[in-house]
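*Asks:* Protein chains in written order, with the numbering used here: chain V, 30 to 231; chain P, -4 to 223; chain F, 15 to 205. Take this structure, written in structure tokens, and hold onto it; I'll ask about it next.
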């Protein structure tokens, strides 16, 4: 059990990295990874919303939508839940936890249209379908791992970009193109993790 | 009149190409461009959603109160995405299999919400439909271009037909994730070079972001940081 | 705080109405496409089963009670009503994730076909396991040679499978899955 959790968690960070392997959440990856602290703040907010979203959507799908043959409403219900959740979190943080709101608040509205959040809620359900042992707890661990993986990629990449600022880059490559090329190199390094998790947790 | 309608259609294909110039909808662009046929499947599905949602949102633009417009747009878009998803599942299961999770994720494709917010909610039905069609064709064209390059270099095939087998072994990395980032970066560099713009796409423009209005705080902090 | 009926009620009602209409449309589309989707899924499965056990004309669903609950398998029946063989779906851990394999075994205890149902292997490397060249190595392998083993290079002998270049882990995963199917076959045969 514990072994399965560790393996799910590590796989979500390294081999199934949402940004570098599955191309989910590219917009914030390119948009807010310029500075280390914004990258970190954004990832915290994403992780927080991801876990909360899975915590809500998983039971709704499993106990409400699926048994009533309403699985086709999945997309629309999930996106509305996420949108409402983001609003709710923003309001609550603003009122009761101003320091946290000041740190994360500005990123929250962007998260509704972050495909990593909608993606993770759907992917964990898909995993549950093919593997019956993949239940609620496993889904939450997977989601948390996905958030941490998002953070790892963002922070590593922010480091790369801060160095890039000082480089002499050919004119047409300046800005976004060189950012994408460096993202490509970071993705190469993550390819090296493929297959590592099963051997680590054996 | 006819000329301006034509303009609504063509601007999305070249001048304001959503992928290469506005840099929107990057996730599906990178993820499903591993082969030319995947790119077409994704492009057609997104275009369909884009045209339908633009049309409906334009029709309802006077009915939807300003306060709830974003949730209303998202609901309408999600509705069309689900319909397209069911149709694809029923009549083209192979496409459904290869697009997988990215098909429902059209909901959060910023091109669609972006066009709803920036164009359809301010214009009448016909220009909105043409705008959606143009943007969709532009999206499909960019996807197809990337799909062809990556499939040709990475697998040595085009639409599944072998092309380079015999004289060049496939460079597998092009169909892996890093190849996606690389080809995309190169294409954007090429696009900005060809269009001869002085203004380089320094980073994803916040102006193009559909939620720019609601994230003005972030834009503000972005700019403040840039000045520092 | 005074609630202004107009500024609160109208947006709420509009949003509610939009939701209701969209849901209605979705329900309608679902009703139209539901049967088609189910038929497509059934058809895909049937095609896969026919591929791995070409001699069967029809398939019957059976269950085998194992340690981890019931295992569903299919018995193939040929046109004259005799048992032509069995089809098992098994899975094993590959390089990128789980590899799901459907294996057909004929009445004489030989593998009649192997199909990869789903996988997350690297495109261009492990994903080549889907290709006919690799899968055809399993056809004709006898149960008596089980478990099948994987060789990395050279000539694959009886009971051996030549791994795909650069994708030994995937090749082993597929072979593991086929070996599991062979074990299930022996269980079924024993009764």
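All residues carry an ideal CB built from backbone N, CA and C; glycine is no exception. Note that the structure is predicted; figures quoted are calculated from it, not measured.
Is the Cβ of residue 57/P closer than 9 Å to any Cβ of chain F?
*Replies:* no
*Asks:* Is the separation between the beta-carbon of residue 147/V and that of residue 100/P shorter than 9 Å?
*Replies:* yes
*Asks:* Give the DSSP bridge partners of residue 99/F, in chain order.
*Replies:* 90/F and 120/F
*Asks:* Would residue 219/V pass as a contact of residue 50/V if the rule is Cβ separation under 9 Å?
*Replies:* yes
*Asks:* Are residue 132/P and residue 52/P touching if we call contact CB-CB under 9 Å?
*Replies:* no
*Asks:* Any idea which residues DSSP pairs residue 147/F with across the strands?
*Replies:* DSSP, once it has assigned bridges, lists no residue as partnering residue 147/F.
*Asks:* Between 81/P, -1/P, 189/P and 27/P, which lies nearest to residue 39/F when the distance is taken from Cα to Cα?
*Replies:* 81/P
*Asks:* Along the chain, where does the alpha helix (DSSP H) containing residue 167/V start, and where does it finish?
*Replies:* 165 to 193
*Asks:* Please list, in chain order, the residues of the segment 66 to 99 of chain P that have any C-beta partner in chain V closer than 8 Å.
*Replies:* Under the 8 Å Cβ criterion, the segment 66 to 99 of chain P contributes 66, 69, 70, 73, 74, 76, 77, 80, 81, 96 and 99.
*Asks:* Output the boundary residues of the beta strand (DSSP E) element that contains residue 128/P.
*Replies:* Counted as a single uninterrupted DSSP element, the stretch harbouring residue 128/P is not any beta strand (DSSP E) but the alpha helix (DSSP H) occupying residues 120 to 150.
*Asks:* Using DSSP with H/G/I as helix, E/B as strand and the rest coil, what is residue 216/V?
*Replies:* helix
*Asks:* Flag this pair as touching only if the segment 147 to 156 of chain V and the segment 71 to 88 of chain V have three or more C-beta atom pairs under 8 Å; answer yes or no.
*Replies:* Taking a cut-off of 8 Å for Cβ pairs, the segment 147 to 156 of chain V and the segment 71 to 88 of chain V touch, as three or more such pairs fall below it.
*Asks:* I want to see whether chain F comes within less than 9 Å of residue 223/V, judged by CB atoms only; does it?
*Replies:* yes
*Asks:* Please list the terminal residues of the continuous beta strand (DSSP E) segment that includes residue 127/F.
*Replies:* 125 to 132
*Asks:* Does the count of Cβ pairs from the segment 197 to 206 of chain V and the segment 168 to 176 of chain P closer than 8 Å reach three?
*Replies:* These segments do not touch.
*Asks:* Measuring only the C-alpha atoms, how far is residue 148/P from residue 156/F?
*Replies:* 40 Å
*Asks:* Does DSSP classify residue 12/F as helix, strand or coil?
*Replies:* Here chain F covers residues 15 to 205 and nothing more, so residue 12/F does not appear.
*Asks:* Which residues in chain P sit within 7 Å of residue 32/F, going by Cβ to Cβ distance?
*Replies:* 67, 70 and 71
*Asks:* Can you find a C-beta in chain V that's less than 9 Å from the C-beta of residue 201/P?
*Replies:* Legend: pLDDT at residue 201/P = 43, less than 50; position of this residue unreliable, no value from coordinates given.
*Asks:* For residue 157/P, which residues from the same chain have a beta carbon less than 8 Å from its beta carbon, with the 5 sequence-adjacent residues on both sides left out?
*Replies:* Cβ within range, chain order: 151.
*Asks:* Between the segment 95 to 114 of chain P and the segment 49 to 65 of chain F, do at least 3 Cβ pairs fall closer than 8 Å?
*Replies:* no
*Asks:* Would the segment 34 to 53 of chain V and the segment 98 to 117 of chain V be scored as touching if the rule is three or more Cβ pairs under 8 Å?
*Replies:* Contact between the segment 34 to 53 of chain V and the segment 98 to 117 of chain V is not established, with fewer than three Cβ pairs separated by less than 8 Å.
*Asks:* If you run the structure through DSSP and keep just helix, strand and coil, what is residue 77/F?
*Replies:* strand
*Asks:* Along chain F, which residues have their Cβ under 8 Å away from the Cβ of residue 171/P?
*Replies:* 136, 137 and 138
*Asks:* Compile a chain-ordered list of the residues in the segment 26 to 57 of chain F whose CB is closer than 7 Å to at least one CB of chain A.
*Replies:* The structure shown has no chain A; the protein chains it does contain are V, P and F.
*Asks:* Within the 9 Å Cβ cut-off, does residue 217/V reach chain P?
*Replies:* Residue-level contact check: residue 217/V touches chain P, since one or more beta carbons of chain P fall below 9 Å from its beta carbon.
*Asks:* For residue 114/F, which residues does DSSP report across the bridge?
*Replies:* Residue 114/F is bridged by DSSP to 105/F and 132/F.
*Asks:* Terminal residues of the continuous beta strand (DSSP E) containing residue 6/F?
*Replies:* Given a span of 15 to 205 for chain F in the structure shown, any question on residue 6/F remains unanswerable.
*Asks:* For the structure I just gave you, are there three or more beta carbon pairs, one from the segment 92 to 102 of chain V and one from the segment 112 to 122 of chain V, closer than 8 Å?
*Replies:* no
*Asks:* Give the C-beta separation of residue 138/P and residue 24/P to the nearest angstrom, bearing in mind that I take them to be a contact with Cβ-Cβ under 8 Å.
*Replies:* Right, their Cβ atoms sit about 6 Å apart.
*Asks:* Consider the Cβ of residue 52/V: report whether some Cβ of chain P lies at a distance smaller than 9 Å.
*Replies:* yes
*Asks:* Specify the secondary structure class of residue 30/V as computed by DSSP and reduced to three states.
*Replies:* coil
*Asks:* Establish whether the CB of residue 91/V and some CB of chain F are separated by less than 9 Å.
*Replies:* no
*Asks:* Mind listing the chain V neighbours of residue 180/F? Cutoff is C-beta to C-beta under 9 Å, in chain order.
*Replies:* Those within 9 Å of residue 180/F in chain V number zero; the least Cβ separation is about 12 Å.
*Asks:* Interface residues of chain F around residue 205/V at Cβ under 7 Å?
*Replies:* Ordered by position in chain F, no residue passes the 7 Å Cβ test against residue 205/V, which lies about 26 Å from the chain.
*Asks:* In whole angstroms, give me the CA-to-CA distance for residue 6/P and residue 129/P.
*Replies:* 7 Å
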